[in-house]
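Protein chains in written order, with the working numbering: chain A, 1 to 169; chain B, 1001 to 1169; chain C, 2001 to 2502; chain D, 3001 to 3502. Backbone N, C-alpha and C define an ideal beta-carbon position, used for all residues, glycine too. Just so it is clear, the structure is predicted and the values come from calculations on it, not from any experiment.
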Amino acid sequence: MDFEFVHNDERLTVRAEVGKNSIRVVDGDSEISYDFFSADGSLFTISANGKATRVVAVKDGETIYVSTPGGDFQFRLPPSVDGDTFSEAGGGSGDKSKLVAPMPGKVVKVLVEEGQAVTEKEKLVIVEAMKMENPLVAPYPAQVVKINCEEGQLVDTEIILVELKELEN
Amino acid sequence: MDFEFVHNDERLTVRAEVGKNSIRVVDGDSEISYDFFSADGSLFTISANGKATRVVAVKDGETIYVSTPGGDFQFRLPPSVDGDTFSEAGGGSGDKSKLVAPMPGKVVKVLVEEGQAVTEKEKLVIVEAMKMENPLVAPYPAQVVKINCEEGQLVDTEIILVELKELEN
Amino acid sequence: MSLAKAIKKILVANRGEIALRVMRAAREMGLGSVAVYSEADRFARHVIEAEESVLIGPPSPLESYLSIEKIIDAAKQTGCDAIHPGYGFLAENAEFSRVCTEAGLIFIGPGPEAISLLGNKLISRETMEAADVPVITGKKIASGKLDDFRSAAEEIGYPVLIKAASGGGGKGMRVVTDPAELKDAVEGASREAKSAFGDETVYLEKYLTRPRHIEFQIMADEAGNAVHLFERECSIQRRHQKIIEETPSPALTPEIREQMGVAAVAAAKAAKYVSAGTVEFLLDEDGSFYFLEVNTRIQVEHPITEMTTGIDLVKEQIRIASGDPLSFAQEDIRPFGHATECRIYAEDPANGFLPSSGKIVYLDEPSAANLRIDSGVYSGCEVPVFYDPILSKVITWGKDRRESTRRMLLALADYKALGIKTNVRYLQAILQHPEYAAGNIYTGFLDEHFPGWTDERPTAEFDVAKVGAVLASLHQETATSSGDESRRGPASIWNQLASWEM
Amino acid sequence: MSLAKAIKKILVANRGEIALRVMRAAREMGLGSVAVYSEADRFARHVIEAEESVLIGPPSPLESYLSIEKIIDAAKQTGCDAIHPGYGFLAENAEFSRVCTEAGLIFIGPGPEAISLLGNKLISRETMEAADVPVITGKKIASGKLDDFRSAAEEIGYPVLIKAASGGGGKGMRVVTDPAELKDAVEGASREAKSAFGDETVYLEKYLTRPRHIEFQIMADEAGNAVHLFERECSIQRRHQKIIEETPSPALTPEIREQMGVAAVAAAKAAKYVSAGTVEFLLDEDGSFYFLEVNTRIQVEHPITEMTTGIDLVKEQIRIASGDPLSFAQEDIRPFGHATECRIYAEDPANGFLPSSGKIVYLDEPSAANLRIDSGVYSGCEVPVFYDPILSKVITWGKDRRESTRRMLLALADYKALGIKTNVRYLQAILQHPEYAAGNIYTGFLDEHFPGWTDERPTAEFDVAKVGAVLASLHQETATSSGDESRRGPASIWNQLASWEM
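As structure tokens, then:
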């Protein structure tokens, strides 16, 4: 059976046969057999060649979180309706000219005005969240087209705070 | 709604209305309202009048285990088919003349013979389990009618090891 | 408990792990305790585990955990006779200490005079100078006007440090190396200071280039007895916030330790200090040390001192607040072995330490000998956006630094929190750095050795991760995300924001 | 690690919490480890958490954990260079120690000569007498024939104690007060001894009526250095099995402690002992003490010594086995504070301590400062019928006995294991007894104060229990009992019995 995931914005297919206590993963010509056991459905002991690895794997909504001794990985289930559009979680549309808050918070300072030209890395707006100030900076030299927030305003990660227009160097 | 349980071999009806975060229990004229919250479906914080009690409650098959700060309780769901016969778990039929092992183990000693008269508390058979010897004793003065086990035999809690016939004093 | 003044029930004016820590001490002493919580913390661990709890307001700290009135009301309403402030929020607010006492409640901490004196870094500096406690060379005071900052900075020479007068914990603090950055730094520090401490006053001092942050735990009673409980080295800092602390410091010789201990006790006596406090010093590379400030509260990193001394600092705070004398003398305090603390933050070290809020979909904190976890979270809980992103503290003990560090590495390897970003892998990388192992640490350690750090994952683990993903995809939703529980569970962040805006 | 003889990978010839304890020590030292398991332990925690594991046979201990051949094979097969036996099973088997060494494997424990000498209580008694270690008055040896037991018992005077010559842990032990009970007692003890230790030899000694069980931890290296790590009081016993241990003993004066420590080291030297061991004494009410036996293994209760001394006994065992000298001298060992251990058994104290096997449907072991849990189980695991019913050990530390006991009571209140019977409520009742609090304990304490103990539940809690039952009944099956996991999970006890019979 083929399992489809999205990992780091890339589609990924894992071809695997899952048995009661074992799983066989086929990758082209190579093939690896793993034994597995889970007491609670989250913490898995996965062994190959007598060596066991303890892995946490949980599904929450459309996201699968996996923790291995080597680090944590995040997989998303591919969108079921439209296979082409999967945007980065919490990160807006990827259009660099539209700046959103990195996390929900409060605008504590608006440093620029509409129409103003800004340089690369110039701070535009400061959002305070979890007691730390987080500046939004210009990704490239640009002109400020629109400012959609004011100081003191609570914002989430979906509101476009500043719209820019890239300037030719 | 009425919830039916068996607790200590007695039937028990709890009349309760369960809301999203609260439960109202009616007992005759009195009525208590509790708030509750559970993060994992097992550990519940149940509060009444601002005082919170942390309770673990899990269902495993037909048994519900509840742990409170005052001690642990065990409830069974009433038999769905036949409401009259619920025998004590692991304890055989309650007929004192038929002796079963208190837990699975190995018969290490048979101390009596068929036909023999025994006194109250006389040791009849010794079953070893989990490295400890556990003697089966006569519940009253009796005659040994039948011995269904021999030394070295593995037994579970369903095999009747010794049958007795009570003797009049 | 034979407490001099009767304390029977303590209101804990805080949240997270420190609220749980204080409630635990109360429970061990046979005392009652009451938690307070904001609307964002309805299902927080400190509320769920509390014997009793009171809702005190909306998520915004100013309307809940920083509201003196609401907290005093909650204490009265639940029949408390004492209040423990924890750290942060109102812990170093002299007004709160004063109002508690006026309301007939015992404030578990120093009195308002000591908090005021020490909370103002300008006055405390003068007090310490008078008591022969060394203060930092070249330190200068500015009035708050930008021009004065400029001239002071030029007189001392860059780099300089901008600090909140009523600050702590790295908030409202900026290093300035270039005069052009001075304006932004002063303004940013002022804003953060205002938001965090309700006081926008900032000042300026000489910035040492390779100092260690060494602090001494002090403890003093109403009778005027004062002792120190030895040092904690807290040089590993990111964004001026400690993330790894240890005791003893690998840098202190017995002689320097002795001198600093004497200075710490002198500082406590000069301020007529009562309760647990911390005297912070900067230790320069030449072995000279300078008074930095006194934190008039229990510190985040207090457990490492508890591990090596065997003294329960929170219980001792409660005893002292009841009027009891210190239960030990200086010579009774004999630290043993080595302890290390790592702070687990919900943040992304690979992305400017951006705080991370949301649901912890899976949490498994390690358990082992010589390991202590002070945690404020649980599997399935929400990390709200409104408060400090500290989740948990992992504390290890070993017979020496090497054993303590090794145990910490194993504990971090077993620390599993999914659904949010944490700094666990970053902490592991720091502890494995050869310069850390050698004890060559200073406050600029992370900036020097870990600029632009990113987590590198061995690809070998990716194969097993894919197997995990397949197995998880076959499995039903986790218990915390499925069924009735999640519908009963914490509201999403958006619901919380909505209710805050109303 | 700079070990003298190279140890790189250790096979742990045990199961349950002690297997996990040893694997932890290996991991902390950067050494590899291999678990072994029987068919009944396929999904046991010590297997799941192992880096590597080997199936060694059917559930019956004789065919798995007691099979020297299979264990040596497993060690060879996985490239181990050392074997740690834990406690129980082969831990005090001289033959096993000998065969390991012959097979080129380092046995982490004493050599076969010391085990043989001390394992035989008759020979060890003579050795100790020769070394001026006090041995019990009136002790007599019988040959194994019932008539000799009778005459010996009459000579000493009842009550007498029947003990397995190669015993330990309360197995193969009987007190006889009435001559009519002697036959049953000798036979029962012999059978248990045969089954538990493979040696049916039993002997007889004078039974002190109100003794305390005081034991001294010893540690000795190949160079002949021997030290003691102070005492453990293990007087709280049921069925001659320790269930609560503590250190220091509330009964020892500094003088008696000194004398007993000297005797313990003399015992170690007399037996040319190497590795960790325990010298057990009986302490009479008049302060006189008698050598009982030496346990030539790491003890169940070793963590309390680790808590007060800061020394990791298992790591030290490994170092000594590698040929390293002791890493400390007698004067370096300065115990600090008080530690208490409670053994959590799967048993029903209200029903003759009947062992309880089956599935742990829910497990939540406490976590707190000054608390250590050495556990061999997990939520959803099966407790097999074939082995000792110990699940876990709860160990607390406090600055004094009162604080340690108080912390233990809170830990036990937070210890939740459902699906099987445990002794948690019984342990709580013992710790709350005024005579326990006063330190008036002796080996007959439970028989005197807790005969026919039953758990009394306050009815107030029943109401909230019913609310819990309603909520649980509305909820789906627990994660461990539903879905694919349970079908993949451990077989029921009946399946196991069936496979054993085949």
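Do residue i and residue j have their C-beta atoms within less than 9 angstroms of each other?
| i | j | result |
| --- | --- | --- |
| residue 3021 (chain D) | residue 3086 (chain D) | yes |
| residue 3305 (chain D) | residue 3396 (chain D) | no |
| residue 1148 (chain B) | residue 1101 (chain B) | no |
| residue 2265 (chain C) | residue 2302 (chain C) | no |
| residue 1077 (chain B) | residue 1063 (chain B) | yes |
| residue 2221 (chain C) | residue 2274 (chain C) | yes |
| residue 1001 (chain B) | residue 3355 (chain D) | no |
| residue 3026 (chain D) | residue 3048 (chain D) | no |
| residue 3081 (chain D) | residue 3008 (chain D) | yes |
| residue 2172 (chain C) | residue 2163 (chain C) | yes |
| residue 2257 (chain C) | residue 2233 (chain C) | no |
| residue 3399 (chain D) | residue 2310 (chain C) | yes |
| residue 173 (chain A) | residue 2467 (chain C) | As displayed, chain A neither begins before 1 nor continues past 169, which places residue 173 (chain A) out of reach and without an answer. |
| residue 2343 (chain C) | residue 2300 (chain C) | yes |
Relative to the alpha-carbon of residue i, which residue among the options has its alpha-carbon at the smallest distance?
| i | options | result |
| --- | --- | --- |
| residue 3289 (chain D) | D:3309, D:3252, D:3269 | D:3252 |
| residue 2946 (chain D) | B:1161, B:1147, B:1071 | Past the boundaries of the shown model lies residue 2946 (chain D); chain D is included only from 3001 to 3502, so the question cannot be answered. |
| residue 1073 (chain B) | D:3019, D:3117, D:3338, D:3418 | D:3418 |
| residue 2201 (chain C) | C:2181, C:2165, C:2174 | C:2165 |
| residue 2453 (chain C) | C:2425, C:2462, C:2440, C:2436 | C:2425 |
| residue 2033 (chain C) | C:2077, C:2058, C:2068 | C:2077 |
| residue 3335 (chain D) | D:3216, D:3467, D:3283 | D:3216 |
| residue 2205 (chain C) | C:2244, C:2084, C:2148, C:2237 | C:2148 |
| residue 3115 (chain D) | D:3040, D:3298, D:3286, D:3061 | D:3298 |
| residue 124 (chain A) | A:161, A:95, A:152, A:156 | A:161 |
Pull up the CB-CB distance for residue i and residue j, whole angstroms please, since I reckon it's below 8 angstroms.
| i | j | result |
| --- | --- | --- |
| residue 3013 (chain D) | residue 3071 (chain D) | 5 angstroms |
| residue 2089 (chain C) | residue 2066 (chain C) | 6 angstroms |
| residue 3179 (chain D) | residue 3158 (chain D) | 7 angstroms |
| residue 58 (chain A) | residue 2377 (chain C) | Going by Cβ atoms, the distance from residue 58 (chain A) to residue 2377 (chain C) rounds to 16 angstroms, so no, they are not a contact pair. |
| residue 167 (chain A) | residue 139 (chain A) | Actually they do not touch by this definition, with Cβ atoms about 12 angstroms apart. |
| residue 23 (chain A) | residue 17 (chain A) | 7 angstroms |
| residue 3207 (chain D) | residue 3135 (chain D) | Between residue 3135 (chain D) and residue 3207 (chain D) the Cβ distance is about 15 angstroms, and since that is not below 8 angstroms, they are no contact. |
| residue 1037 (chain B) | residue 3469 (chain D) | Residue 1037 (chain B) to residue 3469 (chain D), Cβ: 17 angstroms. No contact. |
| residue 2385 (chain C) | residue 105 (chain A) | 7 angstroms |
Alpha helix (DSSP H) runs wholly inside the region 3014-3039 of chain D, at least 4 long, in chain order:
3016-3028
Any residues in the region 3296-3310 of chain D with a beta carbon nearer than 9 angstroms to a beta carbon of chain C? Which ones, in chain order?
3303, 3306, 3307, 3310
Which ranges does the alpha helix (DSSP H) cover as unbroken runs of at least 4 residues, wholly within the region 2245-2297 of chain C, from first to last along the chain?
2254-2270
In chain order, which beta strand (DSSP E) runs of at least 3 residues are fully inside the region 2319-2361 of chain C?
2338-2345
Closer than 8 angstroms, Cβ to any Cβ of chain B: which residues of the region 2376-2409 of chain C, in chain order?
2378, 2379, 2380, 2381
Contact set between the region 3071-3098 of chain D and chain C, restricted to residues whose Cβ is under 9 angstroms from the partner:
none
Which full runs of the beta strand (DSSP E) of 3+ residues lie inside the region 2079-2127 of chain C, going along the chain?
2082-2084
Chain C contacts made by the region 3013-3037 of chain D, where a contact means CB separation under 7 angstroms:
3024, 3027, 3028
Residue ranges of each alpha helix (DSSP H) run of no fewer than 4 residues wholly in the region 2385-2453 of chain C, ordered along the chain?
2401-2413, 2424-2431, 2434-2437, 2445-2449
Please list, in chain order, the residues of the region 3448-3462 of chain D that have any C-beta partner in chain B closer than 9 angstroms.
3455, 3456, 3457, 3458, 3459, 3460, 3461, 3462
Which parts of the region 2154-2181 of chain C are runs of the beta strand (DSSP E), unbroken and 3 residues or longer, counting only runs that do not cross its ends?
2160-2168, 2171-2176
Along the region 99-113 of chain A, what residues have a CB closer than 8 angstroms to any CB found in chain C?
102, 103, 104, 105, 108, 109
Interface residues of the region 1058-1080 of chain B facing chain D [CB-CB below 9 angstroms]:
1058, 1059, 1060, 1061, 1063, 1064, 1065, 1066, 1067, 1068, 1069, 1070, 1071, 1072, 1073, 1074, 1075, 1077
Can you list, in chain order, the stretches of the beta strand (DSSP E) that have 3 or more residues and sit fully within the region 129-169 of chain A?
132-137, 142-147, 160-166
Residues, ordered as in the chain, of the region 2408-2424 of chain C that lie near chain A by beta-carbon distance below 7 angstroms
2413, 2416, 2418, 2419
Residues of the region 12-25 of chain A with Cβ closer than 8 angstroms to any Cβ of chain C, in chain order:
12, 14, 16, 18, 23, 25
Jot down the residue ranges of each uninterrupted beta strand (DSSP E) in the region 3053-3083 of chain D, minimum 3 residues, whole runs only, in chain order.
3053-3057
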